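Scroll down for the structure; my scribbles are underneath it.
Quick look at the structure:
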């Protein structure tokens, strides 16, 4: 069975640009969450979506937005990119919105020049 | 605010040398404590979920335990392929959504 898939795997942008990252959850999983992982740190929660609705948001500015589609795939958008946005962006999926384990993709490595 | 502290930051072991990794946490009502393994350039790989104090889970050379304040990941007779960063995360009851709060991880290196 396919795990969580993310695209692209790597991306290079310049300051001020906008970026869209994509995630396909494990088949049957309805919850998708996004995390940002800076080098040497643990992942930090950005958003959770369940059944196409935003369930929660972490401490990130409004430049970060996301959505979930009817097939449960998801997109993360970041506007007006800053150097500090350089990180590994991870998508995780789970069966439901409660305390079930989240399974992660291998992420998108975003570099801002 | 929920917090997770992992120690040590890095650990070097010889193959076969058993040890333990520590995860101390503070949370407003624990929904679950999760252990993940992360290899360089990869996403975290799920290992265990623990829900209540006293619970234990095992998988091959790994055993996770949970108390009201901390969790331990015991590694018995490790092999070089166990080298990775081990992440601990908690999910608290103070949010209505599924948010994991991670520690900074323990980098484990097992030498042959």
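Protein chains in written order, with my numbering: chain P, 1 to 113; chain V, 1001 to 1112. Note that CB positions come from ideal geometry on N, CA and C, so glycine has one too. Just so it is clear, the structure is predicted and the values come from calculations on it, not from any experiment.
Close-in-space but distant-in-sequence residues of the same chain around residue 100 of chain P (CB under 6 Å, 5 per side omitted): Exclusion of the five residues before and after residue 100 of chain P leaves 94 as the residues of its chain whose Cβ lies within less than 6 Å of its Cβ.
Any chain P beta carbon closer than 9 Å to residue 1049 of chain V: Taking CB atoms only, residue 1049 of chain V has a neighbour in chain P less than 9 Å away.
Contact the segment 77 to 90 of chain P vs the segment 1053 to 1064 of chain V: 3+ CB pairs below 8 Å: With a cut-off of 8 Å, the segment 1053 to 1064 of chain V and the segment 77 to 90 of chain P do not count as touching, because too few Cβ pairs lie within range.
Residues near residue 1000 of chain V by beta carbon distance below 6 Å, same chain, minus five either side: The displayed coordinates of chain V run from 1001 to 1112. Any statement about residue 1000 of chain V would go beyond what the structure contains.
Where residue 1103 of chain V sits in the DSSP three-state scheme: DSSP places residue 1103 of chain V in coil when its eight states are reduced to three.
For residue 87 of chain P, the residue or residues it bridges with in DSSP: Bridge partners of residue 87 of chain P: P:110.
Residue-chain proximity (residue 1008 of chain V, chain P), Cβ-Cβ < 9 Å: Not closer than 9 Å to any Cβ of chain P, the Cβ of residue 1008 of chain V fails to qualify, so no.
Whole-angstrom C-beta distance between residue 19 of chain P and residue 110 of chain P, which should lie under 8 Å: A Cβ-Cβ separation of about 6 Å places residue 110 of chain P in contact with residue 19 of chain P under the 8 Å criterion.
Cβ neighbour criterion (16 or more within 10 Å) applied to residue 10 of chain P: Around the C-beta of residue 10 of chain P, fewer than 16 other C-beta atoms lie within 10 Å, and the residue is accordingly described as exposed.
Neighbouring residues, chain V, relative to residue 105 of chain P (Cβ below 9 Å): The answer, in chain order, is 1043.
Buried versus exposed call for residue 2 of chain P [16 or more other C-beta atoms within 10 Å across all chains shown]: Burial call: exposed.
Any 3 or more C-beta pairs closer than 8 Å across the segment 1008 to 1020 of chain V and the segment 1078 to 1087 of chain V: They touch, by the three-pair rule.
Pick from V:1059, V:1024, V:1023, V:1040 that is closest to residue 1109 of chain V, judged by C-alpha positions: Of the listed residues, the one whose Cα sits closest to residue 1109 of chain V is V:1040.
Cross-chain neighbours of residue 1103 of chain V in chain P, by beta carbon under 8 Å: Near residue 1103 of chain V (Cβ distances below 8 Å), the residues of chain P are 42.
Reduced DSSP secondary structure (H/G/I, E/B, other) of residue 1045 of chain V: In the structure shown, the three-state DSSP call for residue 1045 of chain V is strand.
Exposed unless 16 or more other CB atoms sit within 10 angstroms - verdict on residue 17 of chain P: Result: exposed.
Proximity winner among V:1009, V:1020, V:1045, V:1066, relative to residue 1032 of chain V (alpha-carbon distances): The candidate whose alpha carbon is nearest that of residue 1032 of chain V is V:1066.
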